[in-house]
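Quick note: the sequence shown, position 257, residue 253 per our numbering, numbers continuous. Structure first, then comments.
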Amino acid sequence: MDYFVDGEFTYNWTSHHLKLWEELLGDKADTATAVLEIGSFEGRSALFFLQFLPKSHITCVDSFQGSEEHVGPGSKYVSDMAEVERRFDRNLKPFAGRVEKRKGHSVTILPGLAAERRLYDVIYVDGDHRATATYSDARQAWDLLDNDGVMILDDYRWGPDLPMARRPEAGIEAFLSQVAGEYELLHRGEQVVIRKSGIVATRSFTIAGRDIGELAGGALSPPLVSFVVINWNYGRYVGETIDSIRRQDYPHFECIVINNGSTDDSAEVIARHIEGDPRFRMETLAQNHGQLGAALWALDKVNGGFVTFVDADDVLFDNYASMHVQVHMALQRSVGFTSANVAEMDPTGKALTASYQLLQLDRPDAKRGLRSEQTVLRLPTVSPSQYRFLDANTATIPRWHTGWLWAPGTANMFRKSVLRLLQLGDGSKPWMTAADGYFNIVCHAVAGSALIDMPLSGYRLHSSNYFATGERVEGIRKGTREYAANSQKFTYESVRFLIGQSDRFDWLLGAEFWPVVDRITGESGAALRDYFRNELAVEIFRQNAPQLRSVFGDERFRKEITNRFSGAQARSILRAGFEGRIPLRHLHKSVSRDVRAFLRIGRKR
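Here it is in structure tokens:
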């Protein structure tokens, strides 16, 4: 194919590379490919990419001021650069809808593309031939190249008689040395062609490119993740769950598999799948403690700073731990837990959806993004392009947001310190409810959460899944009626826990104590008043009224009770707090509040 038949050109530095390019880029010919070209001149190479890759779009970066060989005195390649630019524009005009021309120096254009979170599948580096400029172009472009992308570095053997500083070779070698382990060499000749591969797992954690072992003299080590698999009669699924944990590309983890009173063949399946791997161990509970009960029981037995409770019928993607830990290390402020998206699947593992609709990043006051790569602990298993993807698809959700905001179950990775702070008993008592139904709500209410809009696990839907048996579809409720009722009922246990330890949490939470109490109900506005109107809530407050009065004082005690209760319910709690008799001034304020509320309702009618 003659790629240049209708073009206007003065020099041909491209045609002798085409056979190599066609061979190396053949697998991208039928895909929507993003191409970045640094140094376009008259547009020959751009015309090749646009025609050989017919679904491609190209970004062409050139100052159109020329390099030394184009403008230097005595050079045989001296060119009128204004005319060169006009020829480029005429040659590319037939493809105008697929061409983005960025006129300027690469040293300013490339950082701008990075700020726009651009990623490219093919990058051609053919700009300024000085070693320092070639290195700068390649190094900045590397962070714009997606995983499995191809970079072509031109003129590797150009100017052999010139000083090393004026030749691309030295800059290319310096660049290849810096990204060693991150690429596969496809060709070395007049050009060097490399493919970006996953960063090898043997490289260490870094801060600003420096090994943390080197920086801290071995005193600082990567975070440990604790996976807690809670299994009750899921012998048919739990083996796949364990195998998915074993495949994690993040090696710093432990895994406790709890056989939670199972009566099927779970024990044999678990033993077979953890055999020979010291990171795994099985613990057995004689009776079913429920998922939350088993999770609470396990908290004293895990060693990791981060904890994921894994449903024994789900599977983790290989990069689950890497992505969660990287986000925890890079958030602009620490949160109680991270929640990633999930792919829903049927009982046999066939995909039903690729995302969970309730996980929405664009919420009021949500803060998108992560900190700069150079300022955080960087994992070797998360490439620069993956980091930029996380940066664009992660949002920190303020703790005052209420309702269910997250993906279910296995999707969540918690800070153990926050779990311990909110530990509801020691696990000796069964709690027949989901662990996420408690921990997600209370951890978020206290410390906020972050959402990662990237599926990192498979969520299995089947007849024994007590949350839902069908995938989420717009307009159709997912959870069962029984699950919703039990979940709301259990929130009263969360309220009981906070109110019962008000002396401790008043110190820890300060002014946030009462807002947290309200947030863990999951309700707001009129629904919040209805929530506290329930006799179960009244009894919780009545039992703990003396302590609440002691912790908050008479005035604050009366105010917080009447903020949530009215009429006879409020006065029964106040009497319990004031040892059977409400002081007149507090009784008067309580009655006055009820009257004002009654009058407001009357006016609305």
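C-beta atoms are modelled at their ideal positions from N, C-alpha and C, and glycine is treated no differently. From a predicted model like this one, the values you see are computed outputs, not experimental measurements.
Reduced DSSP secondary structure (H/G/I, E/B, other) of residue i
{"i": "I448", "result": "strand"}
{"i": "M319", "result": "helix"}
{"i": "F333", "result": "strand"}
{"i": "S490", "result": "helix"}
{"i": "Y120", "result": "strand"}
{"i": "F305", "result": "strand"}
{"i": "E180", "result": "strand"}
{"i": "A523", "result": "helix"}
{"i": "V175", "result": "coil"}
{"i": "N87", "result": "helix"}
{"i": "R577", "result": "coil"}
{"i": "L355", "result": "coil"}
{"i": "I270", "result": "helix"}
{"i": "H256", "result": "A small correction: the amino acid at residue 256 is Asn; His does not occupy that position in the sequence shown. Note: N256 maps to strand in three-state DSSP."}
Closest Cα partner of residue i within the set the options
{"i": "S368", "options": "Q322, H183, A267", "result": "Q322"}
{"i": "V378", "options": "L109, S318, G39", "result": "S318"}
{"i": "R329", "options": "D245, G300, H397, A443", "result": "A443"}
{"i": "W154", "options": "A110, D296, A127, Q287", "result": "A127"}
{"i": "I437", "options": "W396, A282, V1", "result": "W396"}
{"i": "S222", "options": "R232, R589, H248", "result": "H248"}
{"i": "N337", "options": "G235, R359, I448", "result": "I448"}
{"i": "L172", "options": "K192, K99, E186", "result": "K192"}
{"i": "Y233", "options": "R242, S262, S588", "result": "S262"}
{"i": "D307", "options": "V224, A42, S588", "result": "V224"}
{"i": "I226", "options": "E279, R500, G3, S498", "result": "E279"}
{"i": "S603", "options": "E19, Y(-1), E4", "result": "Absent from the model: residue 603. The displayed extent of the chain is -3 to 601, so no value can be given."}
{"i": "Y7", "options": "G39, K15, D26, L32", "result": "G39"}
{"i": "R206", "options": "R374, Y316, M147, I252", "result": "R374"}
{"i": "V146", "options": "R163, D117, Y152, P164", "result": "D117"}
{"i": "L106", "options": "M325, I536, L32, F528", "result": "L32"}
Which residues DSSP lists as bridging residue i, in chain order
{"i": "L312", "result": "S453"}
{"i": "R374", "result": "T202"}
{"i": "K97", "result": "C56"}
{"i": "A347", "result": "M341"}
{"i": "M147", "result": "I119, I190"}
{"i": "S222", "result": "E250, V303"}
{"i": "V587", "result": "In the DSSP output, where bridge partners are listed per residue, V587 has none listed."}
{"i": "L570", "result": "None; L570 has no bridge partner."}
{"i": "A391", "result": "R364, L447"}
Cut-off 6 Å between Cβ atoms - residues of its own chain near residue i, not counting five sequence neighbours on either side
{"i": "D122", "result": "G35, D150"}
{"i": "V95", "result": "I54, L88"}
{"i": "S102", "result": "I34, V57, G123, D133"}
{"i": "A388", "result": "R113"}
{"i": "S381", "result": "L115, D142, N143"}
{"i": "R83", "result": "E4, E38"}
{"i": "Y352", "result": "N337, V338, A403"}
Cα-Cα separation between residue i and residue j, rounded to whole angstroms
{"i": "E250", "j": "A92", "result": "54 Å"}
{"i": "T406", "j": "F305", "result": "6 Å"}
{"i": "F44", "j": "Y120", "result": "12 Å"}
{"i": "Y179", "j": "I203", "result": "21 Å"}
{"i": "F410", "j": "A431", "result": "12 Å"}
{"i": "A523", "j": "I495", "result": "20 Å"}
{"i": "S217", "j": "V331", "result": "21 Å"}
{"i": "G433", "j": "L288", "result": "9 Å"}
{"i": "A28", "j": "L21", "result": "13 Å"}
{"i": "S63", "j": "V189", "result": "23 Å"}
{"i": "I555", "j": "V547", "result": "The sequence as given places Lys at residue 555; Ile does not occur at that position. About 13 Å."}
{"i": "G421", "j": "L292", "result": "7 Å"}
{"i": "V311", "j": "F333", "result": "19 Å"}
{"i": "A339", "j": "F313", "result": "10 Å"}
{"i": "R592", "j": "T398", "result": "28 Å"}
{"i": "N284", "j": "A290", "result": "8 Å"}
{"i": "G573", "j": "F486", "result": "25 Å"}
{"i": "P343", "j": "E489", "result": "33 Å"}
{"i": "L552", "j": "L583", "result": "Checking the displayed sequence, the identity of residue 552 turns out to be Arg instead of Leu. Roughly 14 Å separates the two Cα atoms."}
{"i": "Y316", "j": "E575", "result": "54 Å"}
{"i": "H183", "j": "L327", "result": "39 Å"}
{"i": "H602", "j": "I168", "result": "The structure shown has nothing for residue 602, since the chain only spans -3 to 601."}
Contacting residues, own chain, Cβ-Cβ under 7 Å from residue i (five flanking each side not counted)
{"i": "V175", "result": "W138"}
{"i": "K97", "result": "C56"}
{"i": "G563", "result": "D590"}
{"i": "F493", "result": "L420"}
{"i": "V1", "result": "none"}
Same chain, Cβ closer than 8 Å to residue i, neighbours up to 5 away in sequence not counted
{"i": "D526", "result": "E519"}
{"i": "I578", "result": "R567, L570, R571, S586"}
{"i": "V469", "result": "Note that V469 has pLDDT 46, beneath the 50 cutoff, so the model's placement of it is unreliable and the number below is only indicative. Hits under 8 Å: none found."}
{"i": "G423", "result": "H285, G289, A290, A291, L292, W293, A294, L295, D296"}
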